[in-house]
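Residue 5 is where the sequence shown starts when you use my numbering, and the numbers rise one by one after that.
We put the beta carbon where it would ideally sit given N, CA and C, even for glycine.
Just so we're clear, the structure is a prediction, and the values are computed from it rather than from any experiment.
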Amino acid sequence: MTPTPNETAKPHFRSDVSVELVKHTASDSDVLWAARVSTAGEQSLEELNKDPERSKGLINYLMRDRHGSPFEHNSMTFFISAPIFVFREFMRHRVGWSYNEESGRYRELEPVFYVPGEERKLVQQGRPGKYEFVAGTPKQHQMVTEAMGAAYRRSYEAYQDMLAAGVAREVARAVLPVGLYSSMYATCNARSLMHFLGLRTQHELAKVPSFPQREIEMVGEQMEAHWAKLMPLTYAAFNNNGRVAP
Ligand SMILES: Cc1cc2nc3c(=O)[nH]c(=O)nc-3n(C[C@H](O)[C@H](O)[C@H](O)COP(=O)(O)OP(=O)(O)OC[C@H]3O[C@@H](n4cnc5c(N)ncnc54)[C@H](O)[C@@H]3O)c2cc1C
């Protein structure tokens, strides 16, 4: 079928990412249930709410001693909108994650592009492994905004021209940059999310510091906020034990 180009589409620029929790079955009791089955057998469900302090202690023990599998019996599905360069990093996380991303073959891609906001530190200093980011000058911000805007407009125009000439979407999309927004469903469990957060966020409580790109960290921070509400005891134990996934 010949693609129908969206001739009225005008580039739209964003500096944020969005993360929606669309579905979940995730609670601290899932962890307790799974852990206690090894000692209490069929009775484990009844044991759950008997002693809250003991439950908290058990979750902390599992986290501290890295007994990881009880943290897998739960599920969270997020709908994420972010630039393609973020998804490229995101999908390196293979274990305990399922992904479905919008298709550039079956639909025309919307002209939504990433431009760093004013708070995004622009300048990298130091040597590999010891980088630090510092604020850019107003002139640098202006340059980034203008250069990205011009490049995005030019590439989207070329995309539209090719679609108008009858070129397939899957071919024409090659001209679009990694600053284009995409969207995906990502499903994980608490254990795989903790591994992700340990690598993709910076946090004062982290025993092993990581240095993620800010834009994937913005996604991680929003997922973390959702998860913290669903599994507060597990979340506290993660922080109290240096944010290392069990
Ligand atoms: C700050 C930062 C910088 C990075 N820079 C680069 C870069 O420059 N270039 C680049 O290519 N990548 C880079 N990465 C990606 C990184 O190498 C990992 O691919 C990514 O963080 C996913 O981690 P993971 O493999 O532990 O996660 P997952 O794929 O979710 O795996 C989870 C765990 O399962 C085990 N596992 C999974 N697969 C295997 C396997 N095949 N064999 C043995 N054990 C396995 C490991 O214990 C692993 O930690 C970077 C990541 C970070 C956080």
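beta-carbon residue i near ligand 1 non-hydrogen atom, thresh 8 Å
{"i": "Leu-203", "result": "yes"}
{"i": "Val-90", "result": "no"}
{"i": "Lys-15", "result": "Note that residue 15 is Pro in the sequence shown, not Lys. It does not: the Cβ of Pro-15 is nowhere closer than 8 Å to a heavy atom of ligand 1."}
{"i": "Pro-216", "result": "yes"}
{"i": "Val-99", "result": "yes"}
{"i": "Ser-4", "result": "Residue 4 falls outside the range modelled here, since the chain spans only 5 to 250, and no answer is possible."}
{"i": "Arg-131", "result": "no"}
{"i": "Glu-76", "result": "no"}
{"i": "Glu-219", "result": "no"}
{"i": "Arg-70", "result": "no"}
{"i": "Glu-93", "result": "yes"}
{"i": "His-96", "result": "Here the sequence assigns Arg to residue 96, which means His is not the residue at that position. Indeed, a heavy atom of ligand 1 lies less than 8 Å from the Cβ."}
{"i": "His-207", "result": "no"}
{"i": "His-28", "result": "no"}
{"i": "His-145", "result": "no"}
{"i": "His-230", "result": "no"}
As assigned by DSSP and simplified to three states, the class of residue i
{"i": "Leu-25", "result": "strand"}
{"i": "Ser-31", "result": "coil"}
{"i": "Ala-86", "result": "strand"}
{"i": "Ala-38", "result": "helix"}
{"i": "Arg-70", "result": "coil"}
{"i": "Thr-205", "result": "coil"}
{"i": "Asn-244", "result": "helix"}
{"i": "Thr-6", "result": "Residue placement at Thr-6 cannot be trusted, given a pLDDT of 47 that sits under 50; what the coordinates show is reported in the next sentence. Coil."}
{"i": "Glu-123", "result": "coil"}
{"i": "His-97", "result": "coil"}
{"i": "Ser-196", "result": "helix"}
{"i": "Phe-215", "result": "coil"}
Those residues which DSSP pairs with residue i across a bridge
{"i": "Phe-17", "result": "Phe-117"}
{"i": "Gln-128", "result": "Phe-137"}
{"i": "Leu-184", "result": "Phe-117"}
{"i": "Thr-257", "result": "Within the shown structure, residues of the chain are numbered from 5 to 250, placing residue 257 beyond reach of any answer."}
N- and C-terminal bounds of the beta strand (DSSP E) containing residue i
{"i": "Asn-104", "result": "101 to 105"}
Span of the alpha helix (DSSP H), counted from its first residue to its last, around residue i
{"i": "Tyr-110", "result": "Unbroken run through Tyr-110: none, as it is neither H nor E."}
{"i": "Asp-55", "result": "Premise fails: Asp-55 is in no alpha helix (DSSP H) and is neither H nor E."}
{"i": "Gln-146", "result": "142 to 168"}
{"i": "Ala-176", "result": "173 to 176"}
{"i": "Ala-232", "result": "218 to 234"}
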